[in-house]
Amino acid sequence: MNHLEVGSEVPHPGIDSTPVSPNFHFYKYYQWVYFMFFLQAILFYIPRWLWKTWEGRKMETLTGAFDNILVSELEKKKKMECLIIYIVKTWKMHNWYAAKYMICELLSLINVVGQLFILHRFFDGKFLRFGIEVVRYAVSFRYSSASEATGEQRMDPKIMLFPHVTRCIFRKYGKGSNIENHDALCVMTLNILNEKFYIFLWFWLVFLSLLTAMAFISNLLLLFSPLLRSHVIFIRTRSVNRRTIHELLRRGTFGDFFLLDLLSLNMDRFLFKDVITEVSTRLPDKDIILKF
């Protein structure tokens, strides 16, 4: 239809008066866009809700007193002692705690990648390559040479997926109880916003997919590499002897490392140093077993 003259042969670029054509594309998503937004929001929240439910504010209970300015130094020392005793008594008992986190992280990865495919299905198989096609078109000669043309004439991928004007056919009963077809042009004003939102969402989902995949792979490496675990804890503290950290982690499991890693992220570095030092001295030597 691009060769037809607008105004005399066709009413608008991309719209033909032919009653039936194999090249017609029916846009069925338009009225469901905001329901899809709601569904996506729920899917994104599920892994977070699951982790907060399973975690049960455990980390807040263990470290909450250390950042509270209303807690006295004596009370903080008591809390520190309680924390050290808790870690020693529950040593090698945190694997399920770490497994819950890994499950939630895997769910996050499945969710963010799955949403790309859900949207691909929602837009009739035109979303997976949407961002690539937009970038390719923006840097192509067609974009600069057709800047004065309308979107359908220059085959802008944003306009092709989110047209601003379409042909609408309304069917209603007439005076003789027969169905009458009313052919009209529809201005889809919301698509002006939809095209911008979904091009941002495409890049955002791809970015999140890469970050989540990298985070999950890094945790898998930590799961199978005790040496890498000790290096991570050493980076968190710096002031603790590397050999002390290595020997401490050799006595425990991945779950123990995971607990210590979360503590390092929620405590002052110097307080965490004291925790590492005390735990390493109080653990019985019979626990020196290499475990994953």
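Okay, so the sequence shown: first residue is 0 according to this note's numbering, each after it adds one.
For each residue, glycine too, the CB sits at the ideal point set by N, CA and C.
Please read these numbers as outputs of a predicted model, since none were measured by experiment.
Pull the bridge partners of residue i from the DSSP assignment, please.
i    : result
D182 : I168
Note down the Cα distance separating residue i from residue j, rounded to an integer number of angstroms.
i    : j    : result
V134 : K27  : 25 Å
R120 : F126 : 8 Å
G63  : F43  : 27 Å
L115 : W48  : 21 Å
L118 : E80  : 52 Å
L264 : L38  : 32 Å
L219 : R249 : 17 Å
L105 : L200 : 21 Å
Q30  : C103 : 32 Å
T52  : G130 : 36 Å
V278 : A40  : 42 Å
K88  : T276 : 16 Å
E59  : N190 : 44 Å
T211 : I83  : 32 Å
L204 : H24  : 26 Å
P283 : P225 : 20 Å
R268 : S139 : 52 Å
I198 : E132 : 10 Å
S311 : Y100 : The structure shown does not extend to residue 311, since the chain spans only 0 to 291, so no value can be given for it.
R281 : L209 : 41 Å
G124 : S176 : 39 Å
M35  : R128 : 19 Å
N67  : Y85  : 20 Å
I178 : E54  : 60 Å
P46  : F122 : 25 Å
G113 : V164 : 31 Å
A97  : K57  : 12 Å
V32  : K75  : 52 Å
N50  : I168 : Reading off the sequence, residue 50 comes out as Trp, not Asn. Near 48 Å, if we compare the C-alpha coordinates of I168 and W50.
G150 : K174 : For G150, the predicted model reports a pLDDT of 46, less than 50, meaning its position is unreliable and no value from the coordinates is stated.
L73  : G251 : 30 Å
E246 : K77  : 26 Å
Are the beta-carbon atoms of residue i and residue j separated by less than 8 Å?
i    : j    : result
F253 : L222 : yes
L262 : V274 : yes
Y295 : D155 : Shown here, the chain extends from 0 to 291; a query on residue 295 therefore has no answer.
V111 : L207 : yes
R170 : N180 : yes
D260 : V239 : no
M266 : F65  : yes
R235 : F271 : yes
Rounded to whole angstroms, how far is the Cβ of residue i from the Cβ of residue j, which I believe are closer than 8 Å?
i    : j    : result
F215 : L108 : 5 Å
S229 : R241 : 7 Å
F233 : I244 : 5 Å
Does the Cβ of residue i lie closer than 7 Å to at least one heavy atom of the ligand HEM?
i   : result
L73 : By its list of ligands, the structure shown contains no ligand whatsoever, and the ligand HEM lies outside what it can speak to.
Flag this pair as touching only if the region 77 to 96 and the region 184 to 196 have three or more C-beta atom pairs under 8 Å; answer yes or no.
no
If we count Cβ pairs, one from each stretch, closer than 8 Å, do we get three or more for the region 156 to 168 versus the region 191 to 208?
yes
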